[in-house]
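Below is one structure; the comments refer to it alone.
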Amino acid sequence: MSLTESKTERILGAVFTVIGLALYFIIIPWQIKDVGAEFPTPRSFPNLLAWLLVILGAALFISGMKHRNAADQKVYSITKTEAKLVLITLLLMVLYVISLYFVPYIPATVVVLALMIFIYGQRSPVKLAAASVAVPVIIYLAFTYILKFNMP
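Take a look at the structure:
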């Protein structure tokens with residue numbers, strides 16, 4: 004499958020905008036308790052990210068619209084291997100979200116991150132273990148002690 008640069012920007016811009024709006028209006032209110040006038044609330048950071056996604060998605064869409072008739076556009080294509088990696092990544096993310104209902108954040112994230120790093124080609128056990136353990140622990144500590152949010 005091949006797409007021009009501007010068409011890719013329009014498609015991805017629309018997708019990111021829709022995802023951001025769905026996060027803000029549907030998913031965040033459904034999944035994160037509203038605590039009233041407290042600040043920061045558990046919804047503050049997710050709401051900020053959702054609006055950044057909407058704004059940047061809209062900007063990407065507009066950029067694609069501006070350049071849609073340009074003659075010197077790049078053409079992007081995706082191979083079957085790359086398409087498989089995308090589908091595997093999406094499947095792992097769905098399984099990861101489901102696993103967070105049963106498994107604490109750090110073990111679930113270590114396993115999924117290790118699988119992702121391995122699938123995308125890192126074969127060094129030391130690098131794989133270091134990244135898959137360090138990243139979730141750093142994120143957990145940052146959210147718990149700096150932002151004062153409880154992680155699952």
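So the number in my numbering is just where the residue sits in the sequence shown, counting from 1, plus 3. No residue lacks a Cβ here, since even glycine has one placed at the ideal position from N, Cα and C.
Taken atom to atom, the span from the alpha-carbon of residue 26 to that of residue 53 is near 6 Å. Taking residue 19 as the centre and dropping the five residues before and after it, the same chain places the C-beta of 56, 57, 59, 60, 63 closer than 8 Å to its C-beta, in chain order. Ranked by how close their Cα comes to the Cα of residue 122, the residues 147, 94, 21, 137 have 94 in first place. The secondary-structure analysis by DSSP pairs residue 6 across a beta bridge with 79. The beta carbon of residue 15 sits closer than 7 Å to those of 63, all from its chain and outside the five residues before and after it, given in chain order. Around the beta carbon of residue 80, fewer than 16 other beta carbons sit within 10 angstroms, so the residue counts as exposed. For the pair residue 114 and residue 74, the Cα-to-Cα distance works out to about 45 Å. For residue 130, the uninterrupted alpha helix (DSSP H) segment begins and ends at 128-144. A distance below 8 Å between beta-carbons, with the five flanking residues on each side excluded, links residue 10 to the following residues of its chain, in chain order: 67, 71. The three-state reading of DSSP puts residue 73 in coil, since its state is none of H, G, I, E or B.
By the Cβ criterion, the stretch 26-43 is not in contact with the stretch 89-107, since fewer than three pairs of Cβ atoms, one from each stretch, lie closer than 8 Å.
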